[in-house]
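Written out below as structure tokens is the structure these notes cover.
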Amino acid sequence: MDYLPIFMNIKQQSCLIVGGGVVAARKADLFIQAGAKVTVIAPELKSEMRGFLQQQKIIWYPGEFSQTLMASVFNGELPKLVISATDDQAVNQAVYAYCQSVGVPVNVADQTEFCDFILPAIVDRSPMTIAISTGGRSPVLARVMKAKLESMIPHGFGRLTELVGRYREKVKDAVASTEGRKAFWESLLDGLFIDKAVYGNSSEAATLLEKRLEAFGKTDLPAGEVYIIGAGPGDPELMTFKAQRLLQQADVVLYDRLVSPEIVDMARREAERVYVGKKSKEHAVPQEDICRMLVAYAKQGKRVARLKGGDPYIFGRGGEEVEELAKAGVAYQVVPGITAAAGCAAYADLPLTHREFSQAVVLVTGHQQEGGSAIDYGRLARSGDTMVFYMGIKNAPKIQAGLIAHGMNPDIPAAIIEKGTCADQKVTVCTLGKLTETIAKQSIKPPALLVVGEVIKVRERIQQAGCFTQHAVPYDASELLQKLAV
Ligand code: SAH
Numbered sequence: 002m003d004y005l006p007i008f009m010n011i012k013q014q015s016c017l018i019v020g021g022g023v024v025a026a027r028k029a030d031l032f033i034q035a036g037a038k039v040t041v042i043a044p045e046l047k048s049e050m051r052g053f054l055q056q057q058k059i060i061w062y063p064g065e066f067s068q069t070l071m072a073s074v075f076n077g078e079l080p081k082l083v084i085s086a087t088d089d090q091a092v093n094q095a096v097y098a099y100c101q102s103v104g105v106p107v108n109v110a111d112q113t114e115f116c117d118f119i120l121p122a123i124v125d126r127s128p129m130t131i132a133i134s135t136g137g138r139s140p141v142l143a144r145v146m147k148a149k150l151e152s153m154i155p156h157g158f159g160r161l162t163e164l165v166g167r168y169r170e171k172v173k174d175a176v177a178s179t180e181g182r183k184a185f186w187e188s189l190l191d192g193l194f195i196d197k198a199v200y201g202n203s204s205e206a207a208t209l210l211e212k213r214l215e216a217f218g219k220t221d222l223p224a225g226e227v228y229i230i231g232a233g234p235g236d237p238e239l240m241t242f243k244a245q246r247l248l249q250q251a252d253v254v255l256y257d258r259l260v261s262p263e264i265v266d267m268a269r270r271e272a273e274r275v276y277v278g279k280k281s282k283e284h285a286v287p288q289e290d291i292c293r294m295l296v297a298y299a300k301q302g303k304r305v306a307r308l309k310g311g312d313p314y315i316f317g318r319g320g321e322e323v324e325e326l327a328k329a330g331v332a333y334q335v336v337p338g339i340t341a342a343a344g345c346a347a348y349a350d351l352p353l354t355h356r357e358f359s360q361a362v363v364l365v366t367g368h369q370q371e372g373g374s375a376i377d378y379g380r381l382a383r384s385g386d387t388m389v390f391y392m393g394i395k396n397a398p399k400i401q402a403g404l405i406a407h408g409m410n411p412d413i414p415a416a417i418i419e420k421g422t423c424a425d426q427k428v429t430v431c432t433l434g435k436l437t438e439t440i441a442k443q444s445i446k447p448p449a450l451l452v453v454g455e456v457i458k459v460r461e462r463i464q465q466a467g468c469f470t471q472h473a474v475p476y477d478a479s480e481l482l483q484k485l486a487v
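Take the working numbering: the final residue in the sequence shown is number 487, and no numbers are missing along the way.
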């Protein structure tokens, strides 16, 4: 290590900047943010530094740096830290020599050989601060690293740090041993609490912290939790950041048939993977068993990712699972996903609402659960809304007949989207009257969505315009090259 990284308390301490230009102003700003009393010696101030002066953030002594001026500025005392940032090498040298002679740490901007200390690049999530240094070798590389960390570490980490800081003493009072406190913080600063504090509501996070503190030591196992994650309709890139993050911290992953293998692969290598997929009729694992498994894993202290196709709360039985978790007192989070209707619409150039054609869209299940209420075809037929039928392939004849029997025009357009958003997505457009026939002819299989509505005409307009879709669906490259006349 070339330098010792330390964080120094300079609140209310005198610190000196020599220079009034842009570089000096950047350094002065750091001193100001750390609460120092900042003195600037320079013959003149450029705009940013002048701003600091107007806001009374600095004290300015006009003039060239000299030992005599120093004596009068600091009244015989010494500043805590000095930075020299002038473009006059003689001045920088004089500042350096002076600081060496009186033993005050000095930094000459951009000249490592004249530095007792260097300033790192900073990711500021105050009160958490991350400092990055290349030992003066490459400030640009340090800034590249800073940019990476800036995008990886949410701003809420500041809130999180503040919150745990507030509880430090309380935890000390409640947990006597150092080892115990370490175990408490380690179990807390992982998973749900971080999520609540960083992304959510601070008071909910504080309540959770208090609950965990109360329970700490009373049970041997850390509290497990369940993430009910919407994994989107197929294309792995449609997962949200949150879904990906929680999946990657899970110990166990329970996944459905509709979840792409690439998504399951995003879990940690050590994570246990459990397939609980369902095909219509043959339920691989009955729903009640899935609920029981989620509770059981969580009670073993595991972090469980429950991956579902699309969105958990749209024909995903997420509600039933959450009810069971809530009843069992298991902590959970639900992560919304892109539902098949939204995903397929986007990848098939098929807007679901449109000013000219449809003011509303209705998501309907084409598969009647035992004991579930029947589809109200009359209401659907009268509405003029875009209809999206999930799980509708098998019952397409009933859907077609039901809508037509209630007065819908058989010539209204219908679309069938098979394996939407996946590389082998297939879109077939026909009419409501030809729906069943088309499904049979094209041997369309689930998972597929049925869309019925005038809005499908917009797709035809888009496609006639002849552009290429930007989506993952493969196209013939030779055709592309021809069109581009390459
Ligand atoms: N929770 C899921 C829906 C689960 S129900 C969601 O929000 O999307 C299963 C039905 O969703 C399938 O029968 C099919 O109708 C539809 N579906 C799911 N993924 C699909 C896809 N990639 N392409 C077309 N339809 C899909």
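Beta carbons are placed, not taken as given, at the ideal position from N, Cα and C, and that holds for glycine.
Based on Cα-Cα distance, which residue from the options lies nearest to residue i?
i: Ser-203; options: Pro-80, Val-165, Lys-303, Glu-226; result: Val-165
i: Cys-16; options: Val-286, Leu-5, Ala-29, Gln-56; result: Ala-29
i: Phe-158; options: Gln-426, Asp-191, Val-172, Tyr-276; result: Asp-191
i: Phe-1; options: Leu-351, Ile-154, Gly-367, Pro-140; result: This structure does not reach residue 1, given that the chain is present from 2 up to 487, and the question cannot be answered.
i: Lys-446; options: Phe-53, Gln-426, Val-323, Glu-419; result: Glu-419
i: Ser-188; options: Thr-340, Leu-54, Ala-216; result: Ala-216
i: Glu-357; options: Ala-306, Gly-278, Arg-460, Pro-313; result: Arg-460
i: Leu-142; options: Ile-123, Val-336, Ser-127, Arg-160; result: Ile-123
i: Lys-81; options: Val-323, Ile-413, Gly-225, Gly-36; result: Gly-36
i: Arg-269; options: Val-305, Ser-48, Ala-297; result: Val-305
i: Gly-317; options: Pro-234, Gly-379, Phe-53; result: Pro-234
i: Ala-332; options: Gly-367, Gly-379, Tyr-99, Gly-302; result: Gly-302
i: Glu-205; options: Trp-186, Arg-160, Ala-177, Gly-52; result: Arg-160
i: Asp-196; options: Lys-183, Gln-250, Val-176; result: Gln-250
i: Glu-238; options: Leu-120, Ala-299, Ala-207, Val-260; result: Val-260
i: Leu-120; options: Met-9, Gly-77, Lys-212; result: Met-9
i: His-355; options: Gly-454, Val-265, Gly-278, His-156; result: Gly-454
i: Trp-186; options: Gly-201, Val-199, Tyr-168, Leu-351; result: Tyr-168
i: Leu-79; options: Ala-95, Gln-14, Leu-31, Lys-47; result: Gln-14
i: Arg-126; options: Val-145, Gly-379, His-156, Thr-135; result: His-156
i: Asp-350; options: Gln-426, Met-240, Arg-182; result: Gln-426
i: Ala-111; options: Ser-139, Tyr-99, Asp-3; result: The question names Ala, but residue 111 in the sequence shown is Asp. Closest option to Asp-111, Cα to Cα, is Ser-139.
Suppose contacts are defined by Cβ-Cβ distances below 8 Å. Is residue i in contact with residue j by that definition?
i: Leu-353; j: Val-365; result: no
i: Leu-295; j: Leu-248; result: no
i: Val-499; j: Ser-359; result: Outside the shown range of the chain, which is 2 to 487, sits residue 499, and nothing can be said about it.
i: Val-452; j: Ala-397; result: no
i: Gly-421; j: Gly-344; result: yes
i: Phe-66; j: Ile-42; result: yes
i: Gly-403; j: Ile-440; result: no
i: Ile-59; j: Val-39; result: yes
i: Ile-291; j: Leu-255; result: yes
i: Ile-463; j: Gly-434; result: no
i: Phe-118; j: Tyr-97; result: no
i: Gly-310; j: Ala-232; result: yes
i: Glu-321; j: Arg-307; result: no
i: Leu-214; j: Leu-193; result: no
i: Thr-162; j: Gly-137; result: no
i: Ile-413; j: Thr-432; result: yes
i: Val-1; j: Asn-93; result: Given a span of 2 to 487 for the chain in the structure shown, any question on residue 1 remains unanswerable.
i: Ala-26; j: Glu-49; result: yes
i: Asp-257; j: Ala-272; result: no
i: Gly-218; j: Lys-300; result: no
i: Tyr-314; j: Val-286; result: no
i: Ile-394; j: Ala-341; result: no
i: Asp-174; j: Cys-423; result: no
Strictly under 8 Å for the Cβ-Cβ distance: is residue i near chain C by that measure?
i: Gly-166; result: This model lacks chain C altogether, as it is built from one protein chain only.
Touching or not, the segment 379 to 386 and the segment 400 to 412, by the rule of three or more beta carbon pairs under 8 Å? yes
Output the residue ranges of the alpha helix (DSSP H) runs that lie fully inside the segment 19 to 54 and measure 4 residues or longer, sorted by chain position. DSSP runs (the alpha helix (DSSP H)) wholly in the segment 19 to 54: 23 to 34.
In chain order, which continuous runs of the alpha helix (DSSP H) of length 4 or greater are located wholly inside the segment 72 to 156? Runs of the alpha helix (DSSP H) inside the segment 72 to 156: 90 to 103, 140 to 153.
Check whether the segment 87 to 96 and the segment 6 to 22 touch, using three or more Cβ-Cβ pairs below 8 Å as the test. Cβ pair count under 8 Å is three or more, so yes.
What alpha helix (DSSP H) runs, 4 residues minimum, are completely inside the segment 298 to 375? 319 to 329, 341 to 348
On the three-pair Cβ rule with 8 Å, is the segment 150 to 161 touching the segment 118 to 135? yes
Considering only residues of the segment 195 to 249, which uninterrupted beta strand (DSSP E) runs meet the minimum length of 3 residues and lie entirely inside it, listed in chain order? 226 to 231
In chain order, which continuous runs of the beta strand (DSSP E) of length 3 or greater are located wholly inside the segment 419 to 464? 427 to 432, 449 to 453
Which residue spans inside the segment 170 to 197 form an unbroken beta strand (DSSP E) run of at least 3? Counting whole runs of 3 or more residues, the segment 170 to 197 contains no beta strand (DSSP E) stretch at all.
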